[in-house]
Amino acid sequence: MGHVLPLANLTTACVSIACLLPFLVGCQKQRGPDYSVLKMSQVTGTVTLDGQPVSGARVEFVEAEKQPPRVCAGETDESGEYTIFRDRNVPGCLPGEMLVKITGESGVDDDSSGGDPLRIPAKYNRKTELRRTVEQNSRHTFDFALESK
């Protein structure tokens, strides 16, 4: 009977390890998506409205021909400069024909008078007329000189 106890302990240990192994494997550091296959490009630029830098505007590059479209976006700083990101921590823009939408922190202009400090006309966002072609694996600078009238 003295041999049964060590065998039982060995069996219990093996079963415990077998049960915990999937959890240990699942806890390994997971890698993010491989963005190199997307052949993204660096996109930067400046946004001005009536010649003045626009701070806090969202700049979106939206795929023009795909449904549902994928979006890459960035935000302008106090100098009106922006960098486009695919994901929050991944700078870059997908290649292809893109619609560009620029919105201010206070929303889009609906042609009504209001006291909001930043109004981007609808022709630059909701009714955008802006298009840019992003070549794959390239660097692009797209400056946007917007006019309020």
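Just so you know, the sequence shown maps onto residues 214 to 362 in my numbering.
We treat Cβ as the ideally placed atom computed from N, Cα and C, and that holds for glycine.
Quiz item: Between which two residues does the beta strand (DSSP E) carrying Thr259 extend?
Solution: 255-262
Exercise. Consult DSSP for Lys314 and reduce its assignment to one of helix, strand or coil.
Key: strand
Quiz item: Closest to Val303 by CA distance: which of Gly287, Leu343, Ile333, Thr224 is it?
Solution: Gly287
Quiz item: Which residues in the same chain have their Cβ closer than 6 Å to the Cβ of Gln255, if we skip the five residues on either side of it in sequence?
Solution: Arg352
Quiz prompt | Given Asn350 as reference, the closest of Arg301, Cys285, Pro308 once Cα atoms are compared | solution = Pro308
Practice problem: For Tyr295, write down the residues that DSSP places opposite it in a beta bridge. | Solution: Gly258
Quiz prompt | Residue nearest to Leu359 in terms of C-alpha spacing, selected from Val284, Gly293, Thr257 | solution = Gly293
Exercise. Could you check which residue in Thr224, Lys362, Thr354 has the C-alpha nearest to that of Cys306?
Key: Thr354
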